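Here the sequence shown stands for residues 1 to 261, where the numbers follow the UniProt record's numbering. Each residue gets a CB set at the ideal place from its N, CA and C atoms; glycine is no exception. This structure is a prediction, so every number in the text was calculated from the model and none was measured.
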Amino acid sequence: MAHFVPKAMVGYISVNHKRPVTGNLHVRQAILQAINKKSYTKNVLSDGSQPLNGFVPTNFAKNPETGEDYRKEAGDLMPYDLKAAQKNWELAKKELGKDEIELELLASDTATSKKTVEFLQGQLQQNLPGLKIDIKNVPLQNRLDLQDKSEFDLVYGTWTPDYADPINFLEFYDSTGGLNSSGYANKAYDTGLEEARTTLAKDPAKRWNKLIEMEKQLVEKDTAVLPFYQGSVAYLKSERLHGLQVFPFGRTVSYRLAYVK
Numbered sequence: 001m002a003h004f005v006p007k008a009m010v011g012y013i014s015v016n017h018k019r020p021v022t023g024n025l026h027v028r029q030a031i032l033q034a035i036n037k038k039s040y041t042k043n044v045l046s047d048g049s050q051p052l053n054g055f056v057p058t059n060f061a062k063n064p065e066t067g068e069d070y071r072k073e074a075g076d077l078m079p080y081d082l083k084a085a086q087k088n089w090e091l092a093k094k095e096l097g098k099d100e101i102e103l104e105l106l107a108s109d110t111a112t113s114k115k116t117v118e119f120l121q122g123q124l125q126q127n128l129p130g131l132k133i134d135i136k137n138v139p140l141q142n143r144l145d146l147q148d149k150s151e152f153d154l155v156y157g158t159w160t161p162d163y164a165d166p167i168n169f170l171e172f173y174d175s176t177g178g179l180n181s182s183g184y185a186n187k188a189y190d191t192g193l194e195e196a197r198t199t200l201a202k203d204p205a206k207r208w209n210k211l212i213e214m215e216k217q218l219v220e221k222d223t224a225v226l227p228f229y230q231g232s233v234a235y236l237k238s239e240r241l242h243g244l245q246v247f248p249f250g251r252t253v254s255y256r257l258a259y260v261k
């Protein structure tokens, strides 16, 4: 029997904030709101992946006091909303003084990347009048090199954390860190993350709330990154097998407690 468990892998679009068009807030908001995430996970991936409205995935971290899932507590940030997307798009075109906009979408040349950017191209060109998306598929190392040099408008990628803490996603866009090639810089955001690492480290409840606040700043207020889905672990399991443990990241499967009945 097929089973699917959410894993801590997020698919997202990184945006070059240094360029005039993608540096525009309403452009970024329009693009994120114009992506029908459910259609993508259901019709393109069809592997148990889920739409994601935020940068921190589900089934990843729990409130240290209540045990509630982070994503459930933080809520939906920038879900698919075609009406809002088109409103933001018109504002963006007015601010930029353009009726037509052309952007390049960079991605690796794997099969999944290719079908993902083709879906995104179709969605964005259909839902945002006047937008043309040019796809650029290159080998993964080339994509990473171009991304590191900030030679892109938009780039599709995925991120898997090293440890089960929301900050491992959020610090990706810390302007003082080595991973942020987008040009996004917000002193309040950097300060909030530093507080979570230091002064709030001994106060789990306040630290938790600070991380939720910072994610809202990143995704909703600044729309610095455009997350749209969460991956899954897909596996086949006999109904006779019990006690199998499947984890969201790291060593994904443990047979330590497994038994056949």
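Pull up the CB-CB distance for residue i and residue j, whole angstroms please, since I reckon it's below 8 Å.
i	j	result
Lys7	Ser175	Not really, about 28 Å apart at Cβ, beyond 8 Å.
Pro64	Trp159	Going by Cβ atoms, the distance from Pro64 to Trp159 rounds to 23 Å, so no, they are not a contact pair.
Ile135	Glu118	7 Å
Gln121	Ser14	Not really, about 16 Å apart at Cβ, beyond 8 Å.
residue 330	Asn180	The shown model of the chain, from 1 to 261, leaves out residue 330, and the question about it has no answer.
Thinking C-beta only, is residue j closer than 9 Å to residue i?
i	j	result
Leu170	Leu211	yes
Ile133	Leu124	yes
Tyr80	Asn36	yes
Leu106	Tyr156	yes
Ala196	Ala61	no
Ala74	Lys216	yes
Leu140	Thr110	yes
Glu194	Met78	no
Gly130	Asp99	yes
What does a CB cutoff of less than 7 Å around residue i pick up in its chain, not counting 5 residues either side in sequence?
i	result
Pro57	Pro6, Ala8, Val10, Arg71, Gln230
Lys16	The amino acid occupying residue 16 in the given sequence is Asn; Lys does not appear at that position. For Asn16, where only same-chain residues beyond five positions count, the Cβ hits under 7 Å are Thr22, Ser150, Phe152, Asp153, Ser182, Gly183.
Gly177	Glu171
Asp190	Asp174, Ser175, Thr176
Please state whether DSSP places residue i in a helix, a strand or coil.
i	result
Lys72	helix
Gly11	strand
Asp148	helix
Leu193	helix
Asn180	coil
Lys62	strand
Ile31	helix
Lys42	helix
Glu100	coil
Val21	coil
Thr112	helix
Asn137	strand
Val219	helix
residue 302	Any question about residue 302 goes unanswered here, given that the chain covers just 1 to 261.
Ala107	strand
Leu131	strand
Spatial neighbours of residue i within its chain, please: CB distance less than 6 Å, with the 5 preceding and 5 following residues excluded, ordered by chain position.
i	result
Ala84	Gln33
Ala224	Tyr173, Tyr184, Leu218
Pro166	Val56, Ala61, Tyr70, Leu211
So, for residue i: in the same chain, excluding its five sequence neighbours on each side, which residues have a beta-carbon less than 8 Å away from its beta-carbon?
i	result
Leu128	Ala30, Ile31, Ala34, Ala85, Gln86, Trp89
Query raised in the report: Do the segment 22-39 and the segment 84-96 touch if we need at least three Cβ pairs shorter than 8 Å?
Result: Yes, they touch.
Requested in this report: Determine contact between the segment 41-60 and the segment 192-208, defined as no fewer than three beta-carbon pairs at a distance below 8 Å.
Outcome: No, because fewer than three Cβ pairs between the segment 41-60 and the segment 192-208 fall closer than 8 Å, the two stretches do not touch.
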